[in-house]
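Q: Sharing a structure, written as structure tokens. Questions coming.
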Amino acid sequence: MNPGQLLAWLAFLASLAAGLAWLAAVAGGRPAAGRIARAAFRAQWLALTAAAAFLWVILFRHDFHYQYVASYSSFAMPAHFIFAAFWGGQEGTFLLWALLTATLGLVLMRLRHRLTETAMAFLNLPLVMLGLVSVMRGPFLTFPPGRMPPDGRGLNPLLQDPWMTIHPPVLFIGFASLAVPFAIAMAAMVKRDWDGWVKVALPWVALSTAVLATGFIMGGVWAYRVLGWGGYWGWDPVENGSLIPWLANVALLHGLLVQRLTGSLRRTNLFLGVTSYVLVLYASFLTRSGVLADFSVHSFANLGLTSFLLSFLFVIMIAGYGLIVFRLGGIPKPLQRVGGFSRESVMWLGQLVLLLMCALITIGMSAPLLTRLFGSPSNVRTSYYNLVNAPLAIIMGLLLGLGPLMRWRSQDPRALLRAALPALVLAVALTLVVVVRGVRDFMPAGVIFAAAFALAANALVAARGFRVGWRHGAAALGHMGVAVLLIGIVASSGYGVAAQVQLPQGEERQALGYSLTYQGRVKEPDGKDHVRIAVNSREGRFEASPALYWSEFNQGYMKKPHVERYLTHDVYISPLEIVDADPAVALLRPGAAPPGAGSVLAVELSTKPFINLVWLGSILMLASTFLIVFRRAQELDAVGTAEGAKTA
Amino acid sequence: MNVKVILALALVAVGFAVGVTSFRKSVTPYLSFAEARRTAGLVQVNGEIADKNYVLKPLEQYLEFNLRDQKGEVMPVVYRGVIPGNFGQATMVVAIGRYQAGRFQAEQLLLKCPSKYQDEADRRKAVRK
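Those protein sequences? They're chains A and B, same order as listed. With the numbering used here applied, the first sequence corresponds to residues 1 to 648, in that order. With the numbering used here applied, the second sequence corresponds to residues 1001 to 1129, in that order.
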């Protein structure tokens, strides 16, 4: 057995030992069992860390005995991509997921709270599953003797990008972090601690919100600037897979705030705590098992993990929803139910909208599975997601504007109208401006009105809040971010112009008020072929240099767009293909004669109005969520110290 | 029942109504060639390029080829638009469009080229046997 496989086994066995010891500690209440469990959990973390270190060692030593090393790296790759090859394939991502979950577990384990041990028992459950897959199909399987390849296949050039070194780990921290609220909610149900878990879970739920959003926003930037999708979001199953747990998690964050102040929404929050994690596993199943292989260019192929992923999903679903059903009758009714005209009612409706979005997106991404039940498997076009989310975004914007202006428990409607009037006036004014400027459809105009209302209302609340202290302004700042993001999405996706242009080398062509001249191909320092296009327009002249090169690995062209940035819009030039004037020689490949002066370059030219609002909204949202993590962690620290003092 | 619950139920009902109608509007079923010929709406078909006798005119953005499905049936496909650069290497083609006047008029083509993921899956299958 090689050292990597040995470490994977050690981690798996330690996770089993920790799980059993925690069961004994929780059920039997023996302090000795708790000590053993902690020791086993630390041993598991050490084994996982050592396994990860060993994976990097064999990657950097180009040890192609290992199938994983041969599959995802090669001699020619620069160091930072060898580093990133760790998560270049499925097997490595499971190890990363396990290591991150265990690391977060170490942090949770330090909390002195009566729920800690029970929560650790549940946090350990996914680790047993991940440990099992690392042993059975981990990154440390070797070739049979004599079958070692001389060089590795290398990482897919699509993934050979600086974003690859940071984007997947951030996303996996997000996925891993959702195990903590799940574990705490489960512990709350076991211990019948209906309200005590809220304060413990809050910083973790906020952390998941912040990190998952960071992950998919990074993915959006990557898609836009590098992959040349023409946009930042394609409603691909992989993207949806990070969005749906996030939506459920944001609903949970707001539900916990309501419960903390009013004591209501007990059952809803427990349900959401379980559901957020179930959605992570469901998305993993959809994108990693190969069931969508015919429908997405981005899904991984089937590595025989379908049954493993399904059982992982079912174990967590049965444990989570089973416990909820088992405890449902015993959850006491809150003293005060959500109702009446109050902030918590608006937040409750907001939760509902978030969950509707989550459900409809989940149905869309599951379309091939759902339709298979009734006939031929079908997919939905991406227009589905825009159709269903637009009306919900309008309702969301209105609630987002109203909620922060309202009081908890009871709100006088006339006072609310007075408070909301300035924001309403601003929203009407902005909507009139955009309607005059050409936004004539109801849905986009409606989203802009609702978002402008939310933006203005929350700007007022934020201004008041920050004067008192940063704690009081952080949430409104995040709401402003969402509003700005919504306006940016509507403007950049709905109101740009696009055209496909054929550019014969050396000749000027006009499109959309831009004149473009294809000047030729050059090899840039990055070793990739770029095409040079001189662009002349009202905004001035610039030279675009998008990449367009042949990839032996993918047997196809790799393309990277050129994005010329201005304050109010981007000019986006996406190379499509290059052809020789002679139609018989359609394809250009290494070894073939280089294209003569007669070659023609096809590009897609488009504008993205107000795309900077998308980035600005994202930054505001992220800044706010990280401030909230910090705030809730400080509060939890205070609780921990108080509880510690009590037990001491 | 209070106002809040009625409002919430209305919201859920509207949400699902919008969901169902949008779903029906956006769904493109994967069909066999025979079924695609009988269907009026937008559908998806897939298959492999039947022969090398395709007509590819990049400047006019015109592509015409024969697609063969798993049952061995062959159907002519016409596509107007920017032609994907790796068309010649495609092992499988997914075409989204509608059947009109004896030919499949594709609005969108998705090409699957021999990829490493596929190789790898095959290799693993071989190893397991």
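For every residue, glycine included, the Cβ atom is placed at its ideal position computed from N, Cα and C. Values in this document were obtained by computation on a predicted structure and should not be read as measured data.
Find the residues of chain A that neighbour Val1077 (chain B), judging by a C-beta separation of less than 9 Å, and give them in chain order.
A: Looking up residue 1077 (chain B) in the second sequence gives position 77. Ordered by position in chain A, no residue passes the 9 Å Cβ test against Val1077 (chain B), which lies about 17 Å from the chain.
Q: By DSSP, does Pro594 (chain A) sit in helix, in strand, or in coil?
A: Sequence index remark: in the first sequence, residue 594 (chain A) carries index 594 (1-based). Reliability fails at Pro594 (chain A), whose pLDDT of 48 lies under 50, so the model's placement of it is uncertain and the value that follows must be treated cautiously. Coil.
Q: Around the C-beta of Ile1006 (chain B), are 16 or more other C-beta atoms found within 10 angstroms, so that it is buried, or is it exposed?
A: Start at 1 with the first residue of the second sequence, and residue 1006 (chain B) comes out as number 6. Looking at its Cβ environment, which holds fewer than 16 other Cβ atoms inside 10 Å, Ile1006 (chain B) is exposed.
Q: Taking any Cβ of chain A, which residues in the stretch 1040 to 1053 of chain B have a Cβ under 9 Å from it, in chain order?
A: Leu1042, Val1043, Gln1044, Asn1046
Q: Please report how far the alpha carbon of Val522 (chain A) lies from the alpha carbon of Lys560 (chain A), in whole angstroms.
A: Here the question's residue 522 (chain A) lines up with position 522 in the first sequence. Here the question's residue 560 (chain A) lines up with position 560 in the first sequence. Using only the alpha carbons, I get a separation of about 14 Å.
Q: Check whether chain A comes within 8 Å of Lys1071 (chain B), counting only Cβ atoms and requiring the distance to be less than that.
A: Here residue 1071 (chain B) is taken as the residue at index 71 of the second sequence, counted from 1. Taking Cβ atoms only, chain A never reaches closer than 8 Å to Lys1071 (chain B), which makes this a no.
Q: Quick one: grab the DSSP three-state call for Thr607 (chain A).
A: Indexing the first sequence from 1 puts residue 607 (chain A) at position 607. If DSSP states are grouped into helix, strand and coil, Thr607 (chain A) belongs with the strands.
Q: From the DSSP output, in three-state form, read off Phe1104 (chain B) for me.
A: As a first step, residue 1104 (chain B) must be located in the second sequence, where it is residue number 104. It is a strand residue.
Q: Using a Cβ-Cβ cut-off of less than 8 Å, list which residues of the stretch 337 to 354 of chain A approach chain B; keep chain order.
A: Val338, Gly339, Gly340, Ser345, Trp348, Leu349, Leu352, Val353
Q: Hey, quick one: how far does the beta strand (DSSP E) through Lys1057 (chain B) stretch, first residue to last?
A: Stepping through the second sequence from its first residue, residue 1057 (chain B) is reached at position 57. Residues 1055 to 1057.
Q: Taking its Cβ as the centre, do 16 or more other Cβ atoms sit within 10 Å of Ile318 (chain A), making it buried, or is it exposed?
A: Against the first sequence, residue 318 (chain A) aligns to sequence position 318. Result: exposed.
Q: Step through the CB atoms of chain A and report whether any lies within less than 8 Å of the CB of Val1082 (chain B).
A: Mapped onto the second sequence, residue 1082 (chain B) falls at position 82. True, the Cβ-Cβ gap to chain A drops below 8 Å.
Q: Measure from the C-beta of Thr268 (chain A) to each C-beta in chain B and report whether the shortest distance is under 8 Å.
A: Start at 1 with the first residue of the first sequence, and residue 268 (chain A) comes out as number 268. Answer no: the Cβ-Cβ gap between Thr268 (chain A) and chain B never drops below 8 Å.
Q: Give the straight-line distance between the Cα atoms of Ala454 (chain A) and Met396 (chain A), rounded to the nearest whole angstrom.
A: Working through the first sequence from its first residue, we reach residue 454 (chain A) at position 454. Working through the first sequence from its first residue, we reach residue 396 (chain A) at position 396. Straight-line Cα distance between these residues: approximately 9 Å.
Q: Could you give the first and the last residue of the continuous alpha helix (DSSP H) run that contains Lys523 (chain A)?
A: Position 523 of the first sequence, counted from the first residue, corresponds to residue 523 (chain A). Here Lys523 (chain A) belongs to no alpha helix (DSSP H); instead the beta strand (DSSP E) covers 514 to 523.
Q: Around the Cβ of Pro237 (chain A), are there at least 16 other Cβ atoms within 10 angstroms (buried) or fewer (exposed)?
A: Your numbering for residue 237 (chain A) matches position 237 in the first sequence. Buried is the call here.
Q: Quick one, which of B:Gln1061, B:Glu1064, B:Arg1080, B:Val1094 has its alpha-carbon nearest Gln1070 (chain B)'s?
A: Start at 1 with the first residue of the second sequence, and residue 1070 (chain B) comes out as number 70. When each option's Cα is compared against that of Gln1070 (chain B), the closest is B:Val1094.
Q: Near Leu100 (chain A), what residues of its chain come up, given a Cβ to Cβ distance below 6 Å and the 5 sequence neighbours on each side ignored?
A: As a first step, residue 100 (chain A) is located in the first sequence; it is residue number 100 there, counting from the start. For Leu100 (chain A), where only same-chain residues beyond five positions count, the Cβ hits under 6 Å are Phe172, Ile173, Ala176.
Q: Give the residues of chain A in contact with Tyr1062 (chain B), contact being defined as C-beta atoms less than 8 Å apart.
A: On the second sequence, position 62 is the one that residue 1062 (chain B) refers to. Going along chain A, no residue has its Cβ under 8 Å from Tyr1062 (chain B), so there is no contact; the nearest lies around 10 Å.
Q: Check whether the Cβ atoms of Asn249 (chain A) and Ser208 (chain A) lie closer than 8 Å to each other.
A: By 1-based counting over the first sequence, the position of residue 249 (chain A) is 249. By 1-based counting over the first sequence, the position of residue 208 (chain A) is 208. Cβ distance < 8 Å, so Asn249 (chain A) and Ser208 (chain A) count as in contact.
Q: Residues in its own chain within less than 7 Å of Ala459 (chain A) by CB, not counting five upstream and five downstream?
A: Here the question's residue 459 (chain A) lines up with position 459 in the first sequence. Here the set comprises Met480.
Q: Where does His530 (chain A) fall in DSSP's three states?
A: Translated into the one-based positions of the first sequence, residue 530 (chain A) becomes position 530. Correct three-state label for His530 (chain A): strand.
Q: Are there 16 or more other CB atoms within 10 angstroms of the CB of Trp97 (chain A), so buried, or fewer, so exposed?
A: One-based indexing of the first sequence puts residue 97 (chain A) at position 97. By the neighbour-count rule (16 or more Cβ atoms within 10 Å), Trp97 (chain A) is buried.
Q: List the residues of chain B whose Cβ lies closer than 9 Å to the Cβ of Gln500 (chain A), in chain order.
A: For the purposes of this step, residue 500 (chain A) is taken as the residue at position 500 of the first sequence. Simply Gln1061, Gly1081, Val1082.
Q: Taking the alpha carbon of Val190 (chain A) as the point to measure from, which residue in A:Ser366, A:Leu421, A:Leu323, A:Leu416 has its own alpha carbon closest?
A: Numbered from its first residue, the first sequence carries residue 190 (chain A) at position 190. The shortest Cα separation from Val190 (chain A) among A:Ser366, A:Leu421, A:Leu323, A:Leu416 belongs to A:Leu323.
Q: So the beta strand (DSSP E) Asn1002 (chain B) belongs to, where does it begin and stop?
A: Position 2 of the second sequence, counting from 1, holds the residue named residue 1002 (chain B). Element bounds for Asn1002 (chain B): n/a, residue is neither H nor E.
Q: Rounded to the nearest angstrom, what separates Val435 (chain A) and Leu405 (chain A) at their Cα positions?
A: Taking the first residue of the first sequence as 1, we reach residue 435 (chain A) at position 435. Taking the first residue of the first sequence as 1, we reach residue 405 (chain A) at position 405. Taking the straight line joining both Cα atoms gives about 27 Å.
Q: At what residues does the beta strand (DSSP E) containing Trp550 (chain A) begin and finish?
A: The sequence position of residue 550 (chain A) within the first sequence is 550, counting from 1. Here the beta strand (DSSP E) through Trp550 (chain A) covers 547 to 551.
Q: On a Cα-Cα basis, can you pick out the residue from A:Leu292, A:Phe314, A:Phe285 that is closest to Thr306 (chain A)?
A: Residue mapping note: residue 306 (chain A) aligns to position 306 of the first sequence, counting from 1. For the residues A:Leu292, A:Phe314, A:Phe285, the minimum Cα distance to Thr306 (chain A) belongs to A:Phe285.
Q: Please compile the residues from chain B whose C-beta is within a distance smaller than 7 Å of the C-beta of Tyr384 (chain A).
A: Along the first sequence, one-based indexing puts residue 384 (chain A) at 384. Within chain B, Ser1022, Phe1023, Ser1026 have C-beta atoms less than 7 Å from the C-beta of Tyr384 (chain A), given in sequence order.
Q: Who are the near neighbours of Gly131 (chain A) in its chain, counting only those whose CB is closer than 6 Å to its CB and skipping five residues on each side?
A: Indexing the first sequence from 1 puts residue 131 (chain A) at position 131. Within the same chain, Gly131 (chain A) has close Cβ partners Ala11, Phe12, Ser15.
Q: Using a Cβ-Cβ distance under 8 Å, would Ala593 (chain A) count as near chain B?
A: Walking along the first sequence from the start, residue 593 (chain A) turns up at place 593. Low local confidence applies: a pLDDT of 44 at Ala593 (chain A) is under 50, so the model's placement there is unreliable, and no value is given.
Q: Note down, in chain order, every chain B residue with its Cβ under 9 Å from the Cβ of Thr371 (chain A).
A: Counted from its first residue, the first sequence places residue 371 (chain A) at position 371. What Thr371 (chain A) touches in chain B: Val1027, Pro1029, Tyr1030.
Q: Span of the alpha helix (DSSP H) holding Gln90 (chain A)?
A: Walking along the first sequence from the start, residue 90 (chain A) turns up at place 90. It spans 90 to 109 - the alpha helix (DSSP H) in which Gln90 (chain A) sits, taken as one unbroken run.
Q: What would DSSP say about Ile166 (chain A), mapped onto helix, strand or coil?
A: In the first sequence, residue 166 (chain A) corresponds to position 166, counting from 1. In the three-state reduction of the DSSP assignment, Ile166 (chain A) falls in the coil class, being assigned neither a helical nor a strand state.
Q: Given that Asn1066 (chain B) touches chain A, what residues does it touch there, using C-beta distances under 8 Å?
A: Within the second sequence, the letter at position 66 stands for residue 1066 (chain B). Simply none; closest approach about 18 Å.
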